[in-house]
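Student: Questions regarding the structure given below will be posed in turn.
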Amino acid sequence: MPTSHREALGKNHWETLRELTPIRFRPAQSELLRQNQAGTCVMLLETGRVMVTATGPLGREQLIAVRESGEILGEMAVLTDIKRSATVRTLTSCQIHVIPADEFRAFVAEHGLLQPLLQHSYGRIRESEQSRLELATGSVALRLACLLTRLAGTASADAPARISLGQEAFAQLIGASRNAVGNALKEWRDRGWLTTTPSGGITVTDIAALYDHATTP
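Per my numbering, the very first residue in the sequence shown carries number 205; after that it's consecutive.
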């Protein structure tokens, strides 16, 4: 499966699509799309990283995926004319293109892109189910390590990854208490795997160690 929409569509189609609208800037922790809203547009993620979450019937928000540059956000609501199934927020500052639904549907029809887009979305659904499974099982430390590993993304093991979320958000995303999350973060901070700030958020300084911790039985 192609690793991004940019690869699924091909370079020429991607470049043509991104030229439909001007680039816009969104700072970290901005809400781009909201669950249960109508699909009035799609967004092309030019740079940056975003977090995709869904809130269940009991009000618990759960991480679905982390997306990086080269992705189209919100396309299924537009293509299927159903309400959005998830909320998308920026993890870092991002540059995006906002394309109205009618323009996107016309582009897809003109270039025969419906099938590759649906195939790509199916692969993403399977990936999201794996994420749900990881974050619904195991100890608090294991669930938190899996979460942080996903949020840290594909950054180099030698490059610190800033995650602009607080302990309350971490606790909600993995279904744990804030105290349990705080205890795990303290241990990892003492080991030198991450740093925290009084204003909230963390910087992962050793992604490889977190990944090993998340995947070691």
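Every residue, glycine too, gets a C-beta built ideally from N, C-alpha and C.
Following the continuous beta strand (DSSP E) through Glu-272, name the residue where it begins and the one where it ends.
Tutor: The residue given as residue 272 occupies position 68 in the sequence shown. Unbroken beta strand (DSSP E) run through Glu-272: 265-272.
Student: Taking only the alpha-carbon atoms, compute the straight-line gap between Val-312 and His-217 and give it to the nearest angstrom.
Tutor: Residue 312 sits at position 108 when you count from the first residue of the sequence shown. Residue 217 sits at position 13 when you count from the first residue of the sequence shown. Distance between the alpha carbons of Val-312 and His-217: 10 Å.
Student: Where are the beta strand (DSSP E) runs, 3 residues long or more, that stay fully inside the stretch 254-319, in chain order?
Tutor: 265-272, 275-277, 291-294, 298-304
Student: Just to confirm my understanding: we take Ser-332, look at its own chain, exclude 5 residues before and 5 after, and list those with CB closer than 6 Å. What are they?
Tutor: Against the sequence shown, residue 332 aligns to sequence position 128. Counting only Cβ-Cβ distances below 6 Å, and skipping sequence neighbours, we find Ile-268, Ala-269.
Student: In this structure, does DSSP put Glu-235 in helix, strand or coil?
Tutor: As a first step, residue 235 is located in the sequence shown; it is residue number 31 there, counting from the start. Strand, per DSSP.
Student: Taking all protein chains shown into account, decide if Leu-414 is buried (16 or more other Cβ within 10 angstroms of its Cβ) or exposed.
Tutor: The sequence position of residue 414 within the sequence shown is 210, counting from 1. It is buried - the Cβ of Leu-414 has at least 16 other Cβ atoms within 10 Å.
Student: Are the beta-carbon atoms of Glu-279 and Leu-321 separated by less than 8 Å?
Tutor: Mapped onto the sequence shown, residue 279 falls at position 75. Mapped onto the sequence shown, residue 321 falls at position 117. Yes; because the gap between Cβ atoms is below 8 Å, this pair is in contact.
Student: Does any heavy atom of the ligand NAP sit closer than 7 Å to the C-beta of Gln-266?
Tutor: This structure lacks the ligand NAP; in fact it carries no ligand of any kind.
Student: Run through DSSP, which three-state label would Thr-166 get?
Tutor: Here the chain covers residues 205 to 421 and nothing more, so residue 166 does not appear.
Student: Starting from Thr-399 and walking both ways along the beta strand (DSSP E), at which residues does that stretch end?
Tutor: Translated into positions along the sequence shown, residue 399 becomes position 195. Per DSSP, Thr-399 belongs to the beta strand (DSSP E) from 398-400.
Student: If contacts are defined as beta-carbon pairs under 8 Å, then Ala-356 and Ile-411 qualify, I think. What distance do you get, rounded to the angstrom?
Tutor: Walking along the sequence shown from the start, residue 356 turns up at place 152. Walking along the sequence shown from the start, residue 411 turns up at place 207. So it is a contact: roughly 5 Å between Cβ atoms.
Student: From the DSSP output, read off the bridge partner residues of Ala-365.
Tutor: The residue you call residue 365 lines up with position 161 of the sequence shown. Paired residues: Val-408.
Student: Using the three-state DSSP reduction, which class does Thr-251 fall into: helix, strand or coil?
Tutor: As a position in the sequence shown, residue 251 is number 47, starting the count at 1. Note: Thr-251 maps to strand in three-state DSSP.
Student: What are the residues that DSSP puts in a beta bridge with Val-246?
Tutor: Walking along the sequence shown from the start, residue 246 turns up at place 42. Paired residue(s): Ile-303.
Student: Please tell me whether Leu-352 and Ile-329 are closer than 8 Å, where the distance is taken between their beta carbons.
Tutor: Numbered from its first residue, the sequence shown carries residue 352 at position 148. Numbered from its first residue, the sequence shown carries residue 329 at position 125. No, these two residues do not count as a Cβ contact at 8 Å.
Student: Could you say which of Phe-374, Glu-223, Trp-397, Leu-224 lies nearest to Val-408 if we only look at CA atoms?
Tutor: What you label residue 408 is simply residue 204 of the sequence shown in a count that begins at 1. Out of Phe-374, Glu-223, Trp-397, Leu-224, Trp-397 has the C-alpha closest to the C-alpha of Val-408.
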